[in-house]
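Throughout, the working numbering is defined as the position within the sequence shown, counted from one, plus 405. The beta carbon of each residue, even a glycine, is placed where N, CA and C say it ideally should be. It should be emphasised that the depicted structure is a prediction, and the values quoted were computed from it without experimental measurement. Reading through the structure tokens given below for one structure.
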Amino acid sequence: MKTILANWKSNKTLEEGKKWLKQFNNLIRKNSLNFDNFRIILFPPLTHLAILHLLVDKYNLALKLGAQNISPFEEGAYTGEVSARSVVNLVNYVLIGHSERRKYFAETDKMVAQKVKMAVKYGLIPVICISNLNQVNYLITTDQLPITNFFILYEPLFAIGSGQPDNPENANKFAQRIKKIVGKKTQVLYGGSVTEENVISFLSKPEISGVGVGGASLDPYQFYKIIKNAQKIKKKN
Ligand code: PGA
């Protein structure tokens, strides 16, 4: 089973999000594309989740939803924060520690660990984003990684939004190094300038369990093509 994430980041109004989902659903139906052996997860802005959740149900789409972020705190007087508890009925997954959050919102390793803890407490599956091994080591040495049921999304900083993806061979080696630290069964995903053209080169690597897609997920046709191309690899895992 391979995993493909679509991270819209801070893009799209609710209306644009609804339109994307409708077009995506039409493409899937028209071309009879099924998601067998794939886990497809969409991370829209938090404000769109309630409506998109209803639409995914209505279309009967095998698409999972995720939150792009959660609060490191339980609940209470934390203005502007959205708690894990308040999204559990809408999503199964949550992105934690994306490099943009670390860079623009001063998220520290400690906050990332706290968010992972909250996710696990409320039954959300964390997709922990890292760009270097120190970030992984922090979680290990402070004993703050869940035992099972989480993903590590490796995104080298130079590759995010740059149109310059990492070399798939390097990404594979990096995934291997992560697994050496975290455990060989860990599902490591690669993200950074993934497109319909290069998706196979990453997914066909043995240590890479999936991809995270930012820019190329904003257009439903491009994202559909990514899934379609990905299905050309028939993998054992
Ligand atoms: P990108 O973003 O595909 O636009 O490079 C990836 C990400 O940040 O998840």
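Reduced DSSP category for residue i - H, G, I as helix; E, B as strand; rest coil
{"i": "Thr408", "result": "strand"}
{"i": "Gly651", "result": "Not covered by the structure: residue 651. The range shown for the chain is 406 to 642."}
{"i": "Tyr483", "result": "coil"}
{"i": "Tyr498", "result": "strand"}
{"i": "Val532", "result": "strand"}
{"i": "Ile638", "result": "coil"}
{"i": "Trp413", "result": "coil"}
{"i": "Ile632", "result": "helix"}
{"i": "Tyr559", "result": "strand"}
{"i": "Ile565", "result": "coil"}
{"i": "Phe510", "result": "coil"}
{"i": "Ile446", "result": "strand"}
{"i": "Glu602", "result": "coil"}
{"i": "Leu457", "result": "helix"}
Limits of the unbroken beta strand (DSSP E) element including residue i
{"i": "Pro551", "result": "Here Pro551 belongs to no beta strand (DSSP E), and DSSP marks it neither H nor E."}
{"i": "Tyr595", "result": "592 to 596"}
Check whether residue i and residue j have beta carbons under 8 Å apart
{"i": "Ile557", "j": "Thr513", "result": "no"}
{"i": "Ile613", "j": "Asn577", "result": "yes"}
{"i": "Val487", "j": "Leu451", "result": "yes"}
{"i": "Lys633", "j": "Ile605", "result": "no"}
{"i": "Pro551", "j": "Val521", "result": "yes"}
{"i": "Trp425", "j": "Pro625", "result": "yes"}
{"i": "Leu529", "j": "Ala489", "result": "yes"}
Check: residue i C-beta below 7 Å from any heavy atom of the ligand ATP
{"i": "Asn412", "result": "Of the ligands one can find in the structure shown, namely the ligand PGA, none is the ligand ATP."}
Proximity winner among the options, relative to residue i (alpha-carbon distances)
{"i": "Ile446", "options": "Ala455, Asn416, Lys407", "result": "Lys407"}
{"i": "Thr553", "options": "Val587, Pro573, Asn575", "result": "Val587"}
{"i": "Val496", "options": "Phe510, Pro477, Gln473, Gly485", "result": "Gln473"}
{"i": "Phe448", "options": "Gln428, Met523, Val499, Glu574", "result": "Val499"}
{"i": "Arg507", "options": "Lys522, Ile535, Asn494", "result": "Ile535"}
{"i": "Asn428", "options": "Leu454, Leu460, Lys589, Ser415", "result": "In the sequence on display, residue 428 carries Gln and not Asn. Considering only alpha carbons, the answer is Leu460."}
{"i": "Ile409", "options": "Asn539, Leu594, Lys417", "result": "Leu594"}
{"i": "Ile545", "options": "Pro561, Lys585, Ser567, Tyr527", "result": "Lys585"}
{"i": "Ala671", "options": "Thr484, Gly471, Gly485", "result": "Nothing about residue 671 can be reported from this structure: the residues present for the chain run from 406 to 642 only."}
Limits of the unbroken alpha helix (DSSP H) element including residue i
{"i": "Gly471", "result": "That residue, Gly471, is in no alpha helix (DSSP H); its beta strand (DSSP E) goes 468 to 472."}
{"i": "Pro573", "result": "573 to 587"}
{"i": "Ser491", "result": "489 to 492"}
{"i": "Leu419", "result": "419 to 435"}
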